[in-house]
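Listed in order, the protein sequences are those of chains P and C. Just so we're aligned: 42 in numbering that gives the first Met the number 0 is position 43 of the first sequence, and the numbers increase by one with no gaps anywhere. Just so we're aligned: 109 in numbering that gives the first Met the number 0 is position 110 of the second sequence, and the numbers increase by one with no gaps anywhere. Only one structure is covered here, and it is reproduced in the block below.
Protein chains: 2
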Amino acid sequence: MADRRPRKDAARNRAAVLAAADPLFARCAHPDDVTMADIAAAAGVGKGTLFRAFGDRTGLIRALYEARLEPVRARVEEGPPPLGPGSPPRRRVLALLDAVLCFKLDNRHLAVALEQTGDASPYRTDHYERWHALLKELLEQVPGGADADFTAHALLAATRADLVAHLADGAGLSREDMRSRLAEFAARTLGTED
Amino acid sequence: MADRRPRKDAARNRAAVLAAADPLFARCAHPDDVTMADIAAAAGVGKGTLFRAFGDRTGLIRALYEARLEPVRARVEEGPPPLGPGSPPRRRVLALLDAVLCFKLDNRHLAVALEQTGDASPYRTDHYERWHALLKELLEQVPGGADADFTAHALLAATRADLVAHLADGAGLSREDMRSRLAEFAARTLGTED
DNA sequence: TACGATACGGACCGACGGTCCGCTTCATCG
DNA sequence: CGATGAAGCGGACCGTCGGTCCGTATCGTA
Numbered sequence: 000m001a002d003r004r005p006r007k008d009a010a011r012n013r014a015a016v017l018a019a020a021d022p023l024f025a026r027c028a029h030p031d032d033v034t035m036a037d038i039a040a041a042a043g044v045g046k047g048t049l050f051r052a053f054g055d056r057t058g059l060i061r062a063l064y065e066a067r068l069e070p071v072r073a074r075v076e077e078g079p080p081p082l083g084p085g086s087p088p089r090r091r092v093l094a095l096l097d098a099v100l101c102f103k104l105d106n107r108h109l110a111v112a113l114e115q116t117g118d119a120s121p122y123r124t125d126h127y128e129r130w131h132a133l134l135k136e137l138l139e140q141v142p143g144g145a146d147a148d149f150t151a152h153a154l155l156a157a158t159r160a161d162l163v164a165h166l167a168d169g170a171g172l173s174r175e176d177m178r179s180r181l182a183e184f185a186a187r188t189l190g191t192e193d
Numbered sequence: 000m001a002d003r004r005p006r007k008d009a010a011r012n013r014a015a016v017l018a019a020a021d022p023l024f025a026r027c028a029h030p031d032d033v034t035m036a037d038i039a040a041a042a043g044v045g046k047g048t049l050f051r052a053f054g055d056r057t058g059l060i061r062a063l064y065e066a067r068l069e070p071v072r073a074r075v076e077e078g079p080p081p082l083g084p085g086s087p088p089r090r091r092v093l094a095l096l097d098a099v100l101c102f103k104l105d106n107r108h109l110a111v112a113l114e115q116t117g118d119a120s121p122y123r124t125d126h127y128e129r130w131h132a133l134l135k136e137l138l139e140q141v142p143g144g145a146d147a148d149f150t151a152h153a154l155l156a157a158t159r160a161d162l163v164a165h166l167a168d169g170a171g172l173s174r175e176d177m178r179s180r181l182a183e184f185a186a187r188t189l190g191t192e193d
């Protein structure tokens with residue numbers, strides 16, 4: 000009934016692929032420039048291994064993305080305030096958006112690759128639904144708030160990977176500038192009261 | 000010096016392709032399900048003709064999109080207020096966002112296809128830059144506004160085609176609901192004064 | 001050590017975007 | 001109106017990529 004643990008070589012190869020793929024995506028301007036064969040070669044494994052471990056290209060990118068995302072998720076769910084639980088909702092909304100923005104900035108290549116994976120809407124992924132649900136929950140606790148569901152979507156849309164990448168790489172906006180612009184924008188939607 | 004007018008058959012074929020491609024994209028759930036060969040066959044022309052007329056897949060989709068967008072552009076640039084020039088900035092911002100949202104709703108299939116065209120960021124297209132520039136200009140005229148450039152990006156991000164499609168098709172949000180939610184959201188970022 | 005289960009890897013496949021080139025159609029000019 | 005060269009046509013063809021398959025190698029176990 001319980002699925003067996005993977006064999007040792009399988010685990011090693013999986014790790015090797017993840018380790019090899021990341022810098023490959025980071026180095027290339029466009030995600031499509033990185034082919035599955037490239038990744039397999041860089042990891043020193045065969046293509047079959049790669050597909051056996053991750054299913055398909057989307058699965059591989061998602062695995063990479065989620066591995067990187069995990070620490071952020073942990074900080075959000077059980078870390079110290081203001082990002083973690085226990086801080087006032089308004090404060091936590093801002094902290095959450097800032098964390099998402101920073102993550103997208105730091106992992107542009109992966110985030111862009113994932114968002115533009117043709118297979119499915121980026122809105123039907125586990126991590127998006129988690130962020131959205133949490134953000135919505137927090138927004139509902141902010142007094143005088145509007146429709147929390149839509150607002151959560153709209154605020155998260157401001158952190159879309161390709162927008163972030165465009166502002167950072169194309170428009171040359173600095174990290175700190177972007178963070179403060181987003182914070183200011185979000186603060187406005189939450190109502191003007193400080 | 001002046002480029003010659005296209006031959007009559009070329010113009011006819013170009014029109015036939017545009018006419019044939021639109022319903023093809025509309026019918027299919029995922030844009031990638033529509034291949035260039037499909038479009039050529041539906042239009043009754045050869046693949047060579049199709050590539051000669053539009054350069055590549057992106058060019059074709061862009062041509063489709065811009066043909067549909069043209070009436071909206073005209074209404075914005077020379078139509079009557081509040082969407083056209085002459086209305087107070089705040090009012091026109093809301094009208095502009097509403098127009099963009101409605102356009103994306105009505106042309107989801109094309110908009111999604113274009114946004115996820117791997118070739119380039121959706122932020123480096125003529126039409127995006129036009130909407131952004133106009134929105135930014137208007138925002139600068141709204142008293143007490145924050146950074147107009149970022150705000151314009153963030154507001155437009157709330158009308159991203161895949162988000163709109165997700166809300167309309169996935170979450171079942173009605174057209175009118177979405178319009179009022181977006182209007183409310185935008186109104187908040189413009190300041191609470193009515 | 002022997003043996004079944006699991007995983008490996010790269011040859012192979014089908015599909016797609018895009019090109020090429022011999023043939024056709026248009027428009028111009030005598 | 002017929003000739004002629006340019007412009008356009010179309011579909012066979014190509015290279016590449018994601019994904020599969022299966023003979024072989026490796027692992028874990030008794």
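Backbone N, C-alpha and C define an ideal beta-carbon position, used for all residues, glycine too.
Backbone CA spacing between residue i and residue j [nearest angstrom]
i, j, result
"V44/C", "L93/C", "43 Å"
"T34/P", "H29/C", "22 Å"
"A151/P", "E139/C", "25 Å"
"A39/C", "K7/P", "51 Å"
"M0/P", "I60/P", "The predicted model places M0/P with a pLDDT of 46, which falls under 50 and marks its position as unreliable; any figure quoted below should be read in that light. Distance between the alpha carbons of M0/P and I60/P: 29 Å."
"A73/C", "D168/P", "32 Å"
"E128/P", "F184/P", "22 Å"
"T48/P", "A62/P", "15 Å"
"R13/P", "F53/P", "8 Å"
"P70/C", "R26/P", "41 Å"
"D148/C", "Y122/C", "13 Å"
"P88/P", "L137/P", "5 Å"
"D21/P", "R107/P", "11 Å"
"A182/C", "L155/P", "17 Å"
"A66/C", "K135/P", "37 Å"
"R178/C", "E175/P", "33 Å"
"D37/C", "G78/P", "52 Å"
"W130/P", "G58/C", "35 Å"
Environment of residue i [buried if 16+ CB atoms lie within 10 Å]
i, result
"E114/C", "buried"
"D161/C", "buried"
"P142/P", "exposed"
"K46/C", "exposed"
"P80/P", "exposed"
"A119/P", "exposed"
"A9/C", "exposed"
"R187/P", "buried"
"A170/P", "exposed"
"R11/P", "exposed"
"R51/P", "exposed"
Minimum Cβ-Cβ distance from residue i to chain P less than 8 Å
i, result
"F102/C", "no"
"L162/C", "yes"
"G58/C", "no"
"A9/C", "no"
"T188/C", "yes"
"R123/C", "yes"
"A153/C", "yes"
"A156/C", "yes"
"G171/C", "no"
"R180/C", "yes"
Below-8 Å beta-carbon distance, residue i vs any chain C residue
i, result
"S120/P", "yes"
"F24/P", "no"
"D193/P", "Summary for D193/P: the model assigns pLDDT 48, below 50, so the residue's position carries little reliability, and this model does not support an answer."
"R206/P", "Because chain P spans 0 through 193 in this model, residue 206/P falls outside it and cannot be assessed."
"H165/P", "yes"
"G117/P", "yes"
"E183/P", "yes"
"R174/P", "no"
"A14/P", "no"
Close Cβ partners of residue i (< 6 Å) along its chain, the five nearest in sequence each way excluded
i, result
"A42/P", "A15, V16 and A19"
"A110/P", "K103 and A160"
"R4/C", "none"
"A164/P", "R107 and V111"
Residues near residue i by beta carbon distance below 7 Å, same chain, minus five either side
i, result
"D146/P", "none"
"F24/C", "P30, V33, H108, L109 and A112"
"S173/C", "none"
"H126/P", "E65 and L68"
"R90/P", "P81"
Close Cβ partners of residue i (< 8 Å) along its chain, the five nearest in sequence each way excluded
i, result
"V75/P", "L82, G83, L95, A98 and L133"
"R56/C", "M35 and T116"
"T158/P", "L96, V99, L100, K103 and L181"
Item to check | Residues of the region 126–151 of chain C whose Cβ lies closer than 7 Å to any Cβ of chain P, in chain order | outcome: A145, D146, F149 and T150
Checklist entry - Can you list, in chain order, the residues of the region 25–46 of chain P whose Cβ is nearer than 8 Å to any Cβ on chain C? => result H29, P30 and D31
Next on the checklist: Closer than 8 Å between beta carbons: that is the criterion. Which residues of the region 61–84 of chain P meet it against chain C?
Outcome noted: none
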